[in-house]
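Colleague: Per our numbering, residue 1 is the first one in the sequence shown, and the count goes up by one each step.
Beta carbons: idealized from backbone N, C-alpha and C, even for Gly.
Given the structure is predicted, the values throughout are model-derived calculations rather than measurements.
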Amino acid sequence: MNKIEISNLLPTHFSDTARVWIYQGSRPFIEKEQNEIDEQLHHFYTQWKSHGDEVKGWAKLLFKQFIIVMADLSDDPIGGCSTDGMQRMIKSLERQYDVSFFDRMTLTFLIDGKAQMLPFEQVQYAMDKGYINADTVLFNNIATTKKELIDTWLVPLKKSWLNNRVSYEKVAEQL
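Quick look at the structure:
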């Protein structure tokens, strides 16, 4: 999936500087759960307020396990209480579906068109065994704006923050 395809999944009426939060689920959701979660996300962002004013918000479950929340701050910034409300909603989904959205030690790669999870400490082993390589696409969950999400959410490992944390030597020796 390239940046054009990612941009087609996002609202077009939000500025490139819209604030983004990415929550990676610890497992993919089945179709019934996906529909329920999307309904709850829609309910949340259509009623999202900051200091009594409506937040221009959007949220969606993508790739069966990533919740993307977006707020266009071009008119008004959102306050801490509003982001706290979002965190409470995410925590509620965690309890409801017995899933974690705050595990930052598990990475997700796009392999054969599917999101595949891998604990951080097993990345080098997966490289050594050829399960992943420098061109394997990583979900780069550190994007904080709509533009970053479009440009860098799906990025080859060699162009990601992870590149400097892996060794390619053993893979080269096996070839």
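1) What are the boundary residues of the alpha helix (DSSP H) that includes Y45?
2) With DSSP as the reference, please indicate the residues paired to Q124 in a beta bridge.
3) Which residue from D53, G130, Q47, H42 puts its Cα closest to that of I68?
4) Rounded to whole angstroms, what's the CA-CA distance from W153 to V166? Just pull it up for me.
5) Could you pull the DSSP bridge partners for V166 from this structure?
6) For M70, tell me which candidate among I22, Q34, D38, T106 has the shortest Cα-Cα distance.
7) Are the CB atoms of F14 and F66 nearer to each other than 8 Å?
Modeller: The answer reads as follows:
1) 31-46
2) Looking at the DSSP assignment, Q124 forms no beta bridge with any residue, so it has no partner.
3) H42
4) 19 Å
5) Partner(s): none; V166 has no beta bridge.
6) I22
7) no
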